[in-house]
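Q: My questions will all concern the structure given below.
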Amino acid sequence: MRATQLFGNTLRSAPEGELESHRLLLRAGYLQQLAAGIFSLLPLGTRSMEKIRRILREEMDGIGGQEISMPVVHPGELWQRSGRWQKVDQTLVRFQDRRGRDMALAMTHEEVVADLTATQVSSYRDLPRIVYQIQTKFRDEPRSRGGLVRTREFVMKDSYSLDRDPAGLQHAYREHFKAYFRIAARAGIPVAAVLSDVGMMGGGMAHEFMYLTEVGEDTVLFCSNCGYAANQEVAEARRPDPETGEVLPLQEVATPGSATVAEVAALLGVDPSRIAKTVAYWAERSRGGPGELVLALVPGDSEVNLAKLRAATGAVELRAATPEEITAGGGAPGYMSPVGLRGATVVADPVLGGRRNLVAGANREGWHLRNFNLDRDAPGATLAPLTSVQAGEPCPSCGHPLDLRRGIEFGNIFQLGTDYSQAMGATYTDEAGREQLVVMGSYGIGLGRMLACAAEEHHDQRGLTLPISIAPYAVALISVGTDPRVVRLADEIYAALTALGVEVLYDDRELSPGVKFADSDLRGMPLRVTVSPRSLEAGGVELKRRQGTAFVVSTDDAIAATRRELTLLEEELERWMRERTAAVDELAAATLGGRS
RNA sequence: CGGGGCGUGGUGCAGGGGUAGCACGCCACUUUUGGGAAGUGGAGGUCGCAGGUUCGAAUCCUGCCGCCCCGACCA
Numbered sequence: 000m001r002a003t004q005l006f007g008n009t010l011r012s013a014p015e016g017e018l019e020s021h022r023l024l025l026r027a028g029y030l031q032q033l034a035a036g037i038f039s040l041l042p043l044g045t046r047s048m049e050k051i052r053r054i055l056r057e058e059m060d061g062i063g064g065q066e067i068s069m070p071v072v073h074p075g076e077l078w079q080r081s082g083r084w085q086k087v088d089q090t091l092v093r094f095q096d097r098r099g100r101d102m103a104l105a106m107t108h109e110e111v112v113a114d115l116t117a118t119q120v121s122s123y124r125d126l127p128r129i130v131y132q133i134q135t136k137f138r139d140e141p142r143s144r145g146g147l148v149r150t151r152e153f154v155m156k157d158s159y160s161l162d163r164d165p166a167g168l169q170h171a172y173r174e175h176f177k178a179y180f181r182i183a184a185r186a187g188i189p190v191a192a193v194l195s196d197v198g199m200m201g202g203g204m205a206h207e208f209m210y211l212t213e214v215g216e217d218t219v220l221f222c223s224n225c226g227y228a229a230n231q232e233v234a235e236a237r238r239p240d241p242e243t244g245e246v247l248p249l250q251e252v253a254t255p256g257s258a259t260v261a262e263v264a265a266l267l268g269v270d271p272s273r274i275a276k277t278v279a280y281w282a283e284r285s286r287g288g289p290g291e292l293v294l295a296l297v298p299g300d301s302e303v304n305l306a307k308l309r310a311a312t313g314a315v316e317l318r319a320a321t322p323e324e325i326t327a328g329g330g331a332p333g334y335m336s337p338v339g340l341r342g343a344t345v346v347a348d349p350v351l352g353g354r355r356n357l358v359a360g361a362n363r364e365g366w367h368l369r370n371f372n373l374d375r376d377a378p379g380a381t382l383a384p385l386t387s388v389q390a391g392e393p394c395p396s397c398g399h400p401l402d403l404r405r406g407i408e409f410g411n412i413f414q415l416g417t418d419y420s421q422a423m424g425a426t427y428t429d430e431a432g433r434e435q436l437v438v439m440g441s442y443g444i445g446l447g448r449m450l451a452c453a454a455e456e457h458h459d460q461r462g463l464t465l466p467i468s469i470a471p472y473a474v475a476l477i478s479v480g481t482d483p484r485v486v487r488l489a490d491e492i493y494a495a496l497t498a499l500g501v502e503v504l505y506d507d508r509e510l511s512p513g514v515k516f517a518d519s520d521l522r523g524m525p526l527r528v529t530v531s532p533r534s535l536e537a538g539g540v541e542l543k544r545r546q547g548t549a550f551v552v553s554t555d556d557a558i559a560a561t562r563r564e565l566t567l568l569e570e571e572l573e574r575w576m577r578e579r580t581a582a583v584d585e586l587a588a589a590t591l592g593g594r595s
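Position 546 of the first sequence, counting from 1, maps to 545 under numbering that gives the first Met the number 0, and the rest follow consecutively.
Below, the structure written as structure tokens:
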């Protein structure tokens with residue numbers, strides 16, 4: 000491509016406040032924003048995305064995936080059958096067609112896959128299968144963020160495994176686990192697999208593949224000793240041994256004007272950790288359904304993690320209860336506890352279950368209780384981890400202090416099980432002639448987010464430094480000045496490289512060299528080839544890696560030297576990728592259990 | 001949805017009751033050509049939208065819309 004023909008230009012400036020890597024993508028002319036969380040891709044961005052697509056196809060095909068294409072608009076009826084029409088909040092965009100039928104914009108495709116499976120799969124001979132697509136999703140996120148990191152419309156590689164039994168699912172899950180490391184590594188993105196919340200997907204085990212970066216929106220806990228890794232949404236710390244002291248009788252104590260943990264602790268002379276803090280929430284189990292009061296009990300020195308509470312209650316909508324709702328349930332704001340309250344769902348952090356004789360609210364303004372014991376005083380309570388794990392807390396599996404890091408979720412894998420098969424009637428007949436449910440798994444990678452992670456990992460002051468595997472062009476060819484000898488040679492090199500299938504962005508504009516160099520650095524092509532009076536003087540053309548030093552090769556050798564450099568770049572990336580994925584079998588075995 | 005910020009030529013920004021500005025970019029010509037060149041001339045703006053106050057509103061008031069950032073959600 001000649002720069003004089005290219006659609007879209009580089010920009011000198013980009014808005015303040017945006018993520019640095021995203022500003023570079025904007026300035027380099029990869030994309031343009033249309034609305035909040037909605038982007039157009041320009042030629043450069045499209046080319047990078049196409050390379051990402053190719054990597055995804057190769058790796059998915061490599062584990063036996065078959066590419067399909069499913070619709071972006073779904074009948075609402077499908078989502079009603081799976082129950083997600085009710086379970087998912089406004090993130091699912093609903094509308095009606097001209098006949099008044101409910102429709103939805105695809106935010107994911109489990110329903111459609113299960114529906115396809117119901118008709119396409121009927122025998123155990125039709126299993127196992129892996130299908131995938133690379134296709135647009137729309138999720139009306141409450142807030143888009145960080146450029147391509149979190150958008151409302153995005154392209155996702157989503158694959159689905161169909162198996163006879165849980166063992167088959169384990170295998171497909173493991174294959175994806177390993178493929179995801181290869182995919183990330185081929186795009187130059189280091190990732191870590193962490194345990195994650197199943198969220199709206201339902202089902203069993205789930206992992207997220209995190210690109211660790213300070214600008215990430217997720218919090219991840221790692222154990223440097225045993226390798227435990229989990230998203231904060233599901234992370235747990237090792238619990239202290241249960242206390243063994245005598246269980247004392249409940250005793251009311253006046254605490255006038257002391258509604259906060261700090262005030263009560265000071266007044267009664269106890270440590271905040273000795274207070275069973277009760278936080279009231281209002282939960283809806285289905286969209287628009289009836290609400291109910293949920294009491295979350297955590298140690299007084301901890302905060303409730305909403306994702307964990309959501310997982311524990313299965314709530315769709317979850318928010319802090321209003322004082323009116325608390326009072327209506329028989330509670331007193333600031334003096335809450337489950338003692339004597341009926342009708343409210345009570346969830347308690349397991350740490351409290353091991354503690355004796357705590358302080359809790361008395362459900363009377365100005366009064367608390369001493370000697371609160373969870374098993375005696377809130378016998379109906381569900382035990383589930385509810386608090387955010389802090390850095391330094393002991394690892395649940397080995398006790399070593401945990402590290403806390405930030406990350407961007409590059410992809411995820413879910414073991415769905417048979418929920419969707421059941422809803423859509425996706426069954427097969429086994430050897431014995433019995434009808435069985437197809438066991439499903441679901442696996443996603445966001446392509447735009449992948450580009451965002453790559454840009455975040457690979458940039459410097461001057462611009463993008465993308466790996467050769469996903470850079471829009473392999474070579475930035477630059478001609479300096481208008482000397483006919485220069486122009487002729489540059490034209491020849493462009494024609495020759497193009498004829499050889501090398502992807503070249505030829506900056507043939509009549510601009511000062513500084514502008515051309517700056518643009519090529521900004522756009523991030525891995526290799527620069529410069530033809531100039533100076534290079535001719537020095538014997539030929541100049542080659543320079545995006546982050547390397549320049550050297551001159553003879554005119555006769557220019558084409559061969561360029562290809563050599565590109566091969567070297569590819570080999571270096573390949574080597575890095577092998578290092579990153581060398582231990583992936585062992586990691587899969589350690590993380591998922593069993594052998595690989 | 002809560003909190004904060006911002007909407008002014010293509011891009012990034014200043015201005016803040018009385019003539020709409022700067023830099024970059026763009027067009028033409030001339031001189032330039034190894035790290036975002038110089039000169040001369042030029043084009044380009046309903047100041048987010050709608051009401052209101054005022055002799056007069058980009059500027060003040062009200063409402064709405066949009067965008068960004070921090071939280072609650074996810075690839």
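No residue lacks a Cβ here, since even glycine has one placed at the ideal position from N, Cα and C.
Every value quoted in this text rests on a predicted model; they were computed, and no experiment measured them.
Where do the N-terminal and C-terminal ends of the beta strand (DSSP E) with threonine 566 fall, by residue?
A: Here residue 566 is taken as the residue at index 567 of the first sequence, counted from 1. Note, threonine 566: premise wrong, no beta strand (DSSP E); alpha helix (DSSP H) at 557-580.
Q: Give the secondary structure of arginine 173 by DSSP, where H, G and I count as helix, E and B as strand, and everything else as coil.
A: As a working note, residue 173 is residue 174 in the first sequence. Correct three-state label for arginine 173: helix.
Q: Which residues in the same chain as serine 39 place their Cβ atom closer than 7 Å to its Cβ, once the five residues preceding and following it in sequence are excluded?
A: Translated into positions along the first sequence, residue 39 becomes position 40. Only Leu30, Gln31 and Leu33 meet the Cβ criterion.
Q: Run through the stretch 473-509 for me and flag every whole alpha helix (DSSP H) of 4 or more residues, listed as ranges in chain order.
A: Qualifying alpha helix (DSSP H) stretches, in chain order: 483-498.
Q: What does the alpha-carbon distance come out to for the pair phenylalanine 550 and alanine 559?
A: Residue mapping note: residue 550 aligns to position 551 of the first sequence, counting from 1. Residue mapping note: residue 559 aligns to position 560 of the first sequence, counting from 1. If you take the alpha carbons of phenylalanine 550 and alanine 559, they lie about 14 Å apart.
Q: Which of the three DSSP states is assigned to glycine 268 in this structure?
A: Indexing the first sequence from 1 puts residue 268 at position 269. The answer is coil: DSSP assigns glycine 268 none of H, G, I, E or B.
Q: Would you grab the beta carbon distance between aspartate 164 and alanine 171 for me? Rounded to a whole angstrom, and I think it's under 8 Å.
A: Within the first sequence, residue 164 is the residue found at index 165, counting from 1. Within the first sequence, residue 171 is the residue found at index 172, counting from 1. The Cβ separation is near 11 Å, so there is no contact.
Q: Thinking just about the alpha-carbon of each residue, which of Asp374, Val388, Asp348 and Thr254 is nearest to the one in glycine 360?
A: On the first sequence, position 361 is the one that residue 360 refers to. Answer by Cα proximity: Thr254.
Q: Please look up how many angstroms separate the CB atoms of threonine 386 and valine 528, rounded, as I've assumed it's under 8 Å.
A: Position 387 of the first sequence, counted from the start, is the residue given in the question as residue 386. Position 529 of the first sequence, counted from the start, is the residue given in the question as residue 528. Contact doesn't hold; Cβ gap of about 57 Å is too wide.
Q: Is the separation between the beta-carbon of valine 501 and that of alanine 473 shorter than 8 Å?
A: Sequence index remark: in the first sequence, residue 501 carries index 502 (1-based). Sequence index remark: in the first sequence, residue 473 carries index 474 (1-based). Result yes, Cβ atoms of valine 501 and alanine 473 sit closer than 8 Å.
Q: Which same chain residues, not among the five before or five after valine 303, have their C-beta less than 6 Å away from its C-beta?
A: Within the first sequence, numbered from 1, the residue matching residue 303 stands at position 304. These residues qualify, in order along the chain: Val278, Ala295, Val297 and Leu385.
Q: What are the boundary residues of the alpha helix (DSSP H) that includes threonine 326?
A: Taking the first sequence and counting its residues from 1, one reaches residue 326 at position 327. Taken as a continuous stretch (DSSP letters only), the alpha helix (DSSP H) holding threonine 326 covers 322-327.
Q: Tell me the rounded alpha-carbon separation between aspartate 520 and threonine 464.
A: The residue given as residue 520 occupies position 521 in the first sequence. The residue given as residue 464 occupies position 465 in the first sequence. Those two C-alpha atoms are separated by around 8 Å.
Q: Ignore the nearest five residues each way along the sequence and tell me which others in valine 111's own chain have a CB closer than 6 Å to its CB.
A: Here residue 111 corresponds to residue number 112 of the first sequence, with the count starting at 1. Met69.
Q: Here's the rule I'm using: 16 or more other beta-carbon atoms within 10 Å means buried, otherwise exposed. How should glutamine 414 be labelled?
A: Stepping through the first sequence from its first residue, residue 414 is reached at position 415. Classification of glutamine 414: buried, given that the 10 Å Cβ count is 16 or more.
Q: Do glutamate 213 and arginine 405 count as a contact pair if the criterion is CB distance below 8 Å?
A: The residue you call residue 405 lines up with position 406 of the first sequence. The residue you call residue 213 lines up with position 214 of the first sequence. Yes, they are a contact pair.
Q: Sorted by chain position, which residues of the same chain lie with C-beta nearer than 7 Å to serine 272's C-beta, five sequence neighbours on each side aside?
A: Reading the first sequence from its first residue, position 273 is the one you call residue 272. Pro298, Gly299 and Asp300.
Q: Please classify aspartate 88: does DSSP put it in a helix, a strand, or coil?
A: Here residue 88 refers to the residue found at position 89 of the first sequence. Three-state result, aspartate 88: coil.
Q: In the DSSP assignment, find the unbroken beta strand (DSSP E) run with proline 74 in it and report its ends.
A: Counted from its first residue, the first sequence places residue 74 at position 75. Counting along the chain, the beta strand (DSSP E) containing proline 74 begins and ends at 72-74.
Q: Thinking C-beta only, is arginine 363 closer than 8 Å to cysteine 320?
A: Residue mapping note: residue 320 aligns to position 321 of the first sequence, counting from 1. Residue mapping note: residue 363 aligns to position 364 of the first sequence, counting from 1. Before going on, a small fix: residue 320 reads as alanine here, not cysteine. No, these two residues do not count as a Cβ contact at 8 Å.
Q: Could you name each continuous alpha helix (DSSP H) segment of 4 residues or more that falls completely within the stretch 307-395, going from the start of the chain to the end?
A: Listed in chain order, they are 322-327, 349-352 and 373-376.
Q: On a CA-only basis, which of Met576, Lys156, Pro466 and Arg579 is nearest arginine 544? Give me that one, please.
A: Counted from its first residue, the first sequence places residue 544 at position 545. Taking only the C-alpha atoms, the option nearest arginine 544 is Pro466.
Q: Count Cβ pairs between the stretch 390-398 and the stretch 233-247 that sit closer than 8 Å; are there 3 or more?
A: Taking 8 Å as the limit for Cβ pairs, the verdict is that the stretch 233-247 does touch the stretch 390-398.
Q: Any idea what DSSP makes of leucine 554, helix, strand or coil?
A: Reading the first sequence from its first residue, position 555 is the one you call residue 554. Position check: residue 554 holds threonine in this sequence, whereas leucine was assumed. Three-state DSSP puts threonine 554 in a helix.
Q: Is the CB-CB distance between valine 252 and valine 293 below 8 Å?
A: Your numbering for residue 252 matches position 253 in the first sequence. Your numbering for residue 293 matches position 294 in the first sequence. Not a contact, by the Cβ cut-off of 8 Å.
Q: If we call anything under 8 Å between Cβ atoms a contact, is glycine 28 one with leucine 43?
A: Residue mapping note: residue 28 aligns to position 29 of the first sequence, counting from 1. Residue mapping note: residue 43 aligns to position 44 of the first sequence, counting from 1. Result yes, Cβ atoms of glycine 28 and leucine 43 sit closer than 8 Å.
Q: Please report how far the alpha carbon of isoleucine 54 lies from the alpha carbon of glutamate 570, in whole angstroms.
A: Here residue 54 refers to the residue found at position 55 when the first sequence is read from its first residue. Here residue 570 refers to the residue found at position 571 when the first sequence is read from its first residue. Approximately 16 Å between the Cα atoms of the pair.
Q: Kindly indicate which three-state DSSP category glutamate 511 falls into: helix, strand or coil?
A: For the purposes of this step, residue 511 is identified with residue 512 of the first sequence, where counting begins at 1. The residue asked about is misnamed: residue 511 is serine in this sequence, not glutamate. Here serine 511 sits in coil by DSSP.
Q: List the whole-angstrom C-beta distance separating leucine 220 from alanine 275, where the pair is believed to meet the contact cut-off of C-beta under 8 Å.
A: In the first sequence, residue 220 corresponds to position 221, counting from 1. In the first sequence, residue 275 corresponds to position 276, counting from 1. The Cβ separation is near 24 Å, so there is no contact.
Q: State the DSSP-derived secondary structure class of tyrosine 442, mapped to helix, strand or coil.
A: Within the first sequence, the letter at position 443 stands for residue 442. Residue state, collapsed to three classes: strand.
Q: Starting from proline 42 and walking both ways along the beta strand (DSSP E), at which residues does that stretch end?
A: Position 43 of the first sequence holds residue 42. No beta strand (DSSP E) contains proline 42, which is instead part of the alpha helix (DSSP H) from 42-61.
Q: Helix, strand or coil for valine 112? Go by DSSP, reduced to three states.
A: Reading the first sequence from its first residue, position 113 is the one you call residue 112. DSSP places valine 112 in helix when its eight states are reduced to three.
Q: Buried or exposed for serine 47, please, with buried defined as at least 16 other CB atoms from any protein chain shown within 10 angstroms of its CB.
A: Within the first sequence, numbered from 1, the residue matching residue 47 stands at position 48. It is buried - the Cβ of serine 47 has at least 16 other Cβ atoms within 10 Å.
Q: For isoleucine 37, count the other beta carbons within 10 Å of its own beta carbon; 16 or more makes it buried, fewer makes it exposed. Which is it?
A: Taking the first residue of the first sequence as position 1, residue 37 is located at position 38. So isoleucine 37 ends up on the exposed side.
Q: By the DSSP assignment, the beta strand (DSSP E) with serine 158 in it spans what residues?
A: Numbered from its first residue, the first sequence carries residue 158 at position 159. Note, serine 158: beta strand (DSSP E), 152-162.
Q: Just list the residues that DSSP pairs asparagine 411 with in beta bridges.
A: By one-based count along the first sequence, residue 411 stands at place 412. DSSP, once it has assigned bridges, lists Glu207 and Gly443 as partnering asparagine 411.
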